[in-house]
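Shown next, in structure tokens, is the structure this report addresses.
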Amino acid sequence: MFKNISLIITLCASLLTAHAATADYQVVPLPQEISMSKGKPFVLSASTPIVYTGSDAQMQKNANFLSDYVEQLTKIRLNVSSQKVKKTTPIVLALNPKIAGNEAYVMTVTDKQLTIAGKTPAGVFYGIQTLRKSLPVLDAAENIELPAAVIKDAPKFAYRGMMLDCGRHFFPISFVKKYIDMLALHNMNVFHWHLTEDQGWRIEIKKYPKLTEIGSKRSGTIIGHNSAVDDSIPYGGYYTQEQAREIVKYAAERNITVIPEIDMPGHMLSALASYPELGCTGGPYEVGHKWGVYEDVLCLGNEKVYKFLEDIIDELIDIFPSKYIHIGGDESPRVRWEKCPKCQALAKAQGLTTDHLQAYFTNRIEKYINAKGRRIIGWDEILEGPINQSATIMSWRGVQPGTKAANLGHDVIMSPNSNAYFDYYQTKKTGGEPLNIGGYLPVSKVYEYDPTPESMPAEAQKHIVGVQANLWTEYVACPTLAEYQVMPRMAAISEVQWLPSSKKNFDAFKTRVTKLAKIYDRLGYVYAKHLWTEK
Ligand code: ACM
Ligand code: ZN
């Protein structure tokens with residue numbers, strides 16, 4: 001009898017323990033160091049205050065973010081305060097100048113207090129992301145136990161980005177904000193905003209109103225993979241400068257820098273349709289309906305082109321405080337330059353081949369941007385001529401161009417189509433999928449990417465400043481599809497960005513991302529399920 005009672009008690013106790021909601025620090029991206037401590041857990045309840053210290057306005061914002069995040073996931077609303085109250089066990093957000101690394105944080109959990117400390121508010125923000133992702137997702141508020149531990153964490157790369165192509169398809173401001181929220185959840189700090197394309201100019205430029213009056217609209221869109229059928233449905237949209245500033249502010253509050261891209265000298269058909277005198281032939285031109293590469297590009301022998309771009313850059317740098325301005329530079333055919341008297345006169349005067357006209361152009365635009373205290377990023381094609389070492393290269397045609405650039409002493413952002421193009425299919429069974437551009441990039445292939453392999457010389461490795469994934473949108477016509485394309489591959493790239501290769505483990509990642517998916521569900525995000533349904 002006695003034995004039975006003790007069995008029942010043990011059973012009840014284990015049931016109770018199983019029921020207690022517990023936090024789990026195995027999140028995405030995985031913190032670099034998690035040391036479990038002896039001692040009782042911290043108990044998070046409705047009476048737990050969030051106390052922020054310091055006068056930095058961003059710290060109060062951090063506290064409010066944490067309170068919102070906790071409520072989203074657990075239904076518990078925590079009060080935010082700048083003062084400690086006696087007899088409470090608070091979550092304390094603090095600045096600590098001794099912590100090394102601008103984005104590093106230390107999270108210390110004891111039964112008396114949970115502290116997130118960073119050298120900067122950005123570090124504290126990443127500690128908050130880890131705490132947030134550690135929480136269980138609850139349908140009704142209940143106390144949550146957070147095991148005693150010390151977590152020390154910092155990112156591997158200073159530049160952790162995602163690009164969104166708003167040229168091929170236009171995404172409303174509400175979705176751009178949601179995309180930025182998604183970046184924050186994955187500890188990313190750069191939103192690369194691809195703002196101009198052959199098929200649409202998306203940013204208001206006050207000095208050149210036709211860019212949006214004419215260039216932001218196309219009269220139809222080709223159906224499928226450049227079929228012969230056009231839908232003839234007018235399509236358009238652009239962001240006002242006021243909206244762009246709103247995005248910059250929204251992102252900054254989440255420690256995300258917005259890097260605008262004006263793609264030049266190719267992918268400029270929308271600008272040529274607006275100002276035909278900027279092309280080699282003078283037009284007429286039409287905003288693109290088809291996908292791919294157009295032969296009509298800016299005329300590099302025309303001085304007006306440089307004035308036009310400098311004026312645009314002036315307006316851009318007033319809106320976007322980013323260190324970098326992205327000048328595109330990809331896929332710019334030379335066929336028009338070959339036949340254009342102005343371009344040929346320039347080549348002759350400069351003693352250049354036609355092929356090297358783009359390098360002349362890149363250096364000239366870079367000089368202008370540098371004089372404004374900013375730096376350029378360009379797609380890896382800009383490396384095909386003699387350009388300055390100060391240009392940062394975004395390697396997209398695989399890893400090879402980035403490796404070459406790093407060896408030459410350029411800073412490099414690795415964004416290889418082999419591992420980071422999220423417009424590619426996520427499954428080989430494409431029949432049931434929305435039409436994509438092609439390719440095959442499962443989560444595992446994103447995850448396995450190593451941006452600084454041992455085979456890369458140490459000196460070159462130092463120049464790999466970051467990693468980025470891209471969402472091109474020829475076939476991604478709406479926000480829901482954009483979410484589906486990026487998640488959960490975004491989780492995989494976030495560990496490539498955050499963790500040293502030696503700490504990556506795909507099986508363990510899969511467990512972590514399964515938990516992260518519960519947060520996607522709670523936030524109402526649409527995401528692909530192949531990771532769980534396919535071998
Ligand atoms: C690119 O994918 N054309 C940069
Ligand atoms: Zn020309």
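In our numbering, the protein residues as written are 1 to 535.
From the three backbone atoms N, C-alpha and C, an ideal C-beta is built for every residue, glycine too.
Ile493 is a Cβ neighbour of Val467, given a cutoff of 8 Å. Between the region 342-352 and the region 397-416, the count of Cβ pairs shorter than 8 Å is below three; the stretches do not touch.
Around Phe320, the same chain offers Ala244, Val248, Val258, Ile259 and Pro260 as residues with beta carbons nearer than 8 Å, after the five sequence neighbours per side are excluded. With respect to Asn102, Ala117 sits apart: the two C-beta atoms are not nearer than 8 Å. It is roughly 11 Å from the alpha-carbon of Arg374 to the alpha-carbon of Ile313. Asp153: member of the beta strand (DSSP E) spanning Ala149 to Asp153, first to last residue. If the five residues before and after Pro276 are omitted, its C-beta is found closer than 7 Å to the C-beta atoms of Gly282, Gly283, Pro284 and Tyr285, all from its own chain and listed in chain order. Lys119 is classed as buried because its beta carbon has at least 16 other beta carbons within 10 Å across all chains shown.
Of all C-beta pairs linking the region 290-305 to the region 322-334, three or more are shorter than 8 Å, placing the two stretches in contact. At a threshold of 7 Å, Asp423 does not count as near the ligand ACM, since its beta carbon sits no closer than that to any of the ligand's heavy atoms.
Distances from the alpha-carbon of Gly161 to those of Met414, Tyr52, Val446 and Ile173 put Met414 closest. Of Ala517, Leu300, Gly237 and Asn363, the smallest CA-CA separation from Ile387 is found for Asn363.
In the DSSP assignment, Ser35 falls within the unbroken beta strand (DSSP E) covering Glu33 to Met36. CA-CA distance, Ile173 to Leu523, rounds to 18 Å. Contact between the region 150-161 and the region 485-500 is present: 3 or more CB-CB pairs across the two stretches fall below 8 Å. Inclusion of Gly301 in the 7 Å shell around the ligand ZN follows from its C-beta lying nearer than that to a non-hydrogen atom of the ligand. When the Cα atoms are used, Ile382 and Asn255 turn out to be separated by approximately 29 Å. Assignment of beta-bridge partners to Gly200 by DSSP yields Glu197. The beta carbons of Ala406 and His463 sit closer together than 8 Å. Those residues that have a beta carbon less than 5 Å away from any non-hydrogen atom of the ligand ACM are, in order along the chain, Asp330, Trp379 and Trp396. Taking each of Ser418, Glu448 and Tyr449 in turn and checking the Cα distance to Gly438, the smallest one comes out for Ser418. Between the region 132-139 and the region 162-169 there are fewer than three inter-stretch CB-CB distances shorter than 8 Å, so the stretches are not counted as touching. Per DSSP, His326 is one residue of the beta strand (DSSP E) stretching across Tyr324 to His326. Of the residues Val124, Lys87, Phe171 and Val412, the one whose Cα lies closest to the Cα of Gln461 is Val412.
Rounded to whole angstroms, the separation of the alpha carbons of Trp201 and Leu272 is 10 Å. The Cβ-Cβ distance between Asn62 and Val150 does not fall below 8 Å. Its chain contains no residue whose beta carbon lies nearer than 6 Å to that of Ala371 once the 5 sequence neighbours on both sides are disregarded.
In this chain, the beta strand (DSSP E) harbouring Ile376 covers Arg375 to Trp379. Here the alpha carbons of Thr240 and Glu366 stand approximately 25 Å from one another. Counting only runs that start and end inside the region 422-485, the alpha helix (DSSP H) elements of at least 4 residues fall at 443-447 and 458-461. Not a single heavy atom of the ligand ZN lies less than 7 Å from the C-beta of Trp193. For Val70, the uninterrupted alpha helix (DSSP H) run begins and ends at Ala57 to Thr74, by DSSP. Beta-bridge analysis with DSSP links Tyr235 to Arg218. According to DSSP, residue pairing for His192 in a beta bridge involves Met163 and Ile259. Within the DSSP secondary-structure output, Glu315 pairs in no beta bridge. If you check the CB distance, Gly279 and Leu298 come in under 8 Å.
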